[in-house]
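Report on one structure; see the data block that follows.
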Amino acid sequence: MGRRYDINLPSDYIAFLETSNGGIVDKSDRNQVWIEGVNSSVNIDVLYGVNTGNSSSNIEIWMEKLKDDMMEGSIIIGDDLMQGIIVMICEGEFAGIYYWDDSFQFEESTDEKNTYWIAKDFSTLIDMIRR
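Using full-length UniProt numbering, read the sequence shown as starting at 1 and increasing by one per residue.
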């Protein structure tokens with residue numbers, strides 16, 4: 001999949017896809033992820049997979065829909081209960097996991113600023129969800 005989108009996927013994310021191929025996250029207050037840029041938290045709903053048989057949880061479907069809005073070197077990896085999108089930037093100065101508030105759920109979001117840092121890497125995101 002990395003070649004398809006010209007992305008060098010991190011090894012922890014590749015391992016996640018190989019072992020679980022995404023999935024629905026348990027909905028509870030324990031697995032909320034804090035977003036500093038808006039001083040709020042979100043509940044991750046789904047981490048997408050590859051060829052899942054369900055278009056709403058398939059990375060390729062979301063990448064195709066939103067490819068023109070995506071930053072180079074990034075991939076959509078999931079969403080939250082408010083329909084915000086979880087994006088991973090795989091390389092460079094801005095590498096990390098981000099929350100893309102494309103539906104403008106947060107008061108702070110504007111057309112120019114609606115993407116917020118969550119975690120330094122995929123493993124850290126998973127640890128945040130599991131705590």
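Beta carbons: idealized from backbone N, C-alpha and C, even for Gly.
Looking at residue j and residue i, is the spacing between their C-beta atoms short of 8 Å?
{"i": "ILE86", "j": "ILE77", "result": "yes"}
{"i": "TYR99", "j": "ILE75", "result": "no"}
{"i": "GLY73", "j": "ILE7", "result": "yes"}
{"i": "ILE59", "j": "VAL50", "result": "yes"}
Residues in its own chain within less than 7 Å of residue i by CB, not counting five upstream and five downstream?
{"i": "ILE129", "result": "VAL25, ASN31, VAL33 and ILE44"}
{"i": "SER109", "result": "ASP101"}
{"i": "PRO10", "result": "CYS90, ASP121 and PHE122"}
By how many angstroms is the C-alpha of residue j removed from the C-alpha of residue i?
{"i": "LEU125", "j": "ILE97", "result": "7 Å"}
{"i": "PHE106", "j": "ASP79", "result": "15 Å"}
{"i": "PHE94", "j": "GLY53", "result": "32 Å"}
{"i": "GLY92", "j": "SER28", "result": "33 Å"}
{"i": "TYR48", "j": "PHE16", "result": "11 Å"}
{"i": "TYR116", "j": "SER40", "result": "11 Å"}
Identify, in the order they occur along the chain, each residue of the same chain with its Cβ nearer than 6 Å to the Cβ of residue i, setting aside the five sequence neighbours on each side.
{"i": "SER123", "result": "ASP12"}
On the DSSP bridge list, what partners appear for residue i?
{"i": "ILE76", "result": "VAL87"}
{"i": "ILE97", "result": "MET88 and ALA119"}
Excluding the 5 residues flanking residue i on each side, which residues of the same chain have their C-beta closer than 8 Å to its C-beta?
{"i": "MET63", "result": "TYR5, MET70, ILE75 and ILE76"}
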